[in-house]
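Data block below; observations after.
Protein chains: 2
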Amino acid sequence: MKNKQFTVDDQAILEEIMLYRRDVRGNKFLSTPVPQEAIQKILMAASLAPSVGFSQPWEFLVIRNEETKNKVVESFETENQKANVLFEGKKKSLYSQLKLEGIREAPVNIAVYYTSSKKPVLGQTSMKEAGEYSVVCAIQNMWLMARAMNIGLGWVSIIDPEVVKGILKSSPDSKLIAYLCIGYVDEFLESPELEMLEWEKRKELQSVVHYDD
Amino acid sequence: MKNKQFTVDDQAILEEIMLYRRDVRGNKFLSTPVPQEAIQKILMAASLAPSVGFSQPWEFLVIRNEETKNKVVESFETENQKANVLFEGKKKSLYSQLKLEGIREAPVNIAVYYTSSKKPVLGQTSMKEAGEYSVVCAIQNMWLMARAMNIGLGWVSIIDPEVVKGILKSSPDSKLIAYLCIGYVDEFLESPELEMLEWEKRKELQSVVHYDD
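Protein chains in written order, with the numbering used here: chain A, 1293 to 1505; chain B, 1293 to 1505.
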């Protein structure tokens, strides 16, 4: 359909999906299997993302293998111990109580890679990062589509990407952009957990918007 | 509303917004002013994006100043000339015919920055890029919300980010992640222009998805 026009009701639904999207960790995931059809739909959403020069530079590894998950948890634990000592005071004790991943609890994990092109890519000649950023746009599409399907998604960034690439036998040409945990949940928290715990305050929009009129 | 459940109709609307979203350039933008209310709504969508450690590391500069836009176009032109010589054969002549930005034509431009924290950020201790990636998630939210409002958005990446930061008098601590052009359009193309022109082929989803079951 050319020139599809969306309505204010459509906008309101999109806004709600964005508003109720959460980063989900292991204390919220259910073991209920996620149907392959749902995984396909989440990956299809990724493929609808914008990409620099229409390069579609993304690759996905869908992981359900317990042995693989256990090895990734080891990398998380190593990195999480290193992280814990960086925080001070109240944050130090709070940090150690937080559940920051759901690798084993989520029935499905997806590793998302950026694979660079050997030829020049239109639009990527002055800002190389545009390739990786295309992959991140795809991840945000996955996150929103998962939430619209009432499925939780959590992004685990406390891992050593090179170690995890070794565990996953990834191509040396690929960069690991994200390690995602996906599954049904007992509940979606009303607000981000780190906001509820006052780890960080929500910023006022006007404090981060400037004008050159 | 806690535990908001979305329906298959909601999923279908999200899928359509993703499907009909386009990267819009200067040959499609209309000069019709974009109400401040619409800009606010697009920025609000950005603020609903996930961010590592709830760090919300984004900043936005809304640009309507013609003089500023003209200077940014100069950076585009310099970088675009450098880019043109990188392509060969059919692509070389096609490249020079493409309209690859809409800086002047779009009534509103938005520069989007990542500003790193001086303190350690939860979740960013092992993968530093997670901060920039949060900003890209915010940009994808803006893109989808704009499309749901029937407003076009184009991401200009053929610029020298340091030169543009100079033009915009950006903080030296901020990294320019994206330069966006926003406005109403005469039409949204049915498919991405680079797909229609066979610059690149659409990848089959199955060719980029692998399994570790």
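All C-beta atoms in this analysis are idealised placements derived from N, C-alpha and C, irrespective of residue type, glycine included.
Predicted model only: the values in this text are computed from it and were never measured.
Check: Within 8 Å of chain A by C-beta, residues of the stretch 1343-1360 of chain B in sequence order; Outcome: V1344, G1345, F1346, S1347, Q1348, W1350, E1351, F1352, L1353, V1354, I1355, R1356, N1357, T1360
Check: Buried versus exposed call for B:N1372 [16 or more other C-beta atoms within 10 Å across all chains shown]; Outcome: buried
Check: Simplified DSSP assignment, three categories, for B:E1351; Outcome: strand
Check: Residue ranges of each alpha helix (DSSP H) within the stretch 1412-1493 of chain B, 4 or longer; Outcome: 1422-1440, 1453-1459, 1485-1488
Check: Chain A residues whose Cβ lies nearer than 7 Å to that of B:L1497; Outcome: L1335, M1336, S1339
Check: Nearest-angstrom beta carbon gap, A:T1417 and B:A1375 [assumed within contact, 8 Å]; Outcome: 4 Å
Check: B:A1403 (DSSP reduced to helix, strand or coil); Outcome: strand
Check: B:Y1476, buried or exposed, once every other Cβ within 10 Å from all chains shown has been counted against 16; Outcome: buried
Check: Own chain residues within Cβ distance below 6 Å of B:A1338, not counting five before or after; Outcome: A1430, N1433, M1434
Check: Identity of the residues DSSP links to B:D1504 by a beta bridge; Outcome: A:I1355
Check: Closer than 8 Å to chain A by CB, B:Q1373; Outcome: no
Check: Pairwise C-alpha distance: A:F1368 and A:K1361; Outcome: 10 Å
Check: Partner residues on chain B for A:P1484, Cβ-Cβ distance less than 7 Å; Outcome: F1346
Check: Which listed residue (A:C1473, A:F1321, A:S1483) has its alpha carbon closest to that of A:V1354; Outcome: A:C1473
Check: Residue-chain proximity (A:K1296, chain B), Cβ-Cβ < 8 Å; Outcome: yes
Check: Per DSSP, the bridge partner or partners of B:D1315; Outcome: B:L1445
Check: Contacts around A:E1351, its chain only, beta-carbon distance under 7 Å, and the 5 residues preceding and following it disregarded; Outcome: Y1405, T1407, S1466
Check: Contacting residues, own chain, Cβ-Cβ under 6 Å from A:K1457 (five flanking each side not counted); Outcome: L1468
Check: Residue from B:K1384, B:Q1389, B:K1411 with nearest C-alpha to A:E1380; Outcome: B:K1411
Check: Assigned exposure category for A:Y1387 - 16 Cβ within 10 Å defines buried; Outcome: buried
Check: Selection from B:E1496, B:D1505, B:I1395 that minimises the alpha carbon distance to A:S1347; Outcome: B:E1496
Check: Supposed contact pair B:L1445 and A:L1414 - C-beta distance, whole angstroms, cut 8 Å; Outcome: Not quite, the Cβ-Cβ distance comes to about 18 Å (not below 8 Å), so this is no contact.
Check: Helix, strand or coil at A:F1321 [DSSP, three-state]; Outcome: strand
Check: Whether B:L1306 touches A:A1440 by CB criterion (8 Å); Outcome: yes
Check: Chain B contact residues for A:I1309, given Cβ-Cβ distances below 8 Å; Outcome: F1298, D1302, L1306
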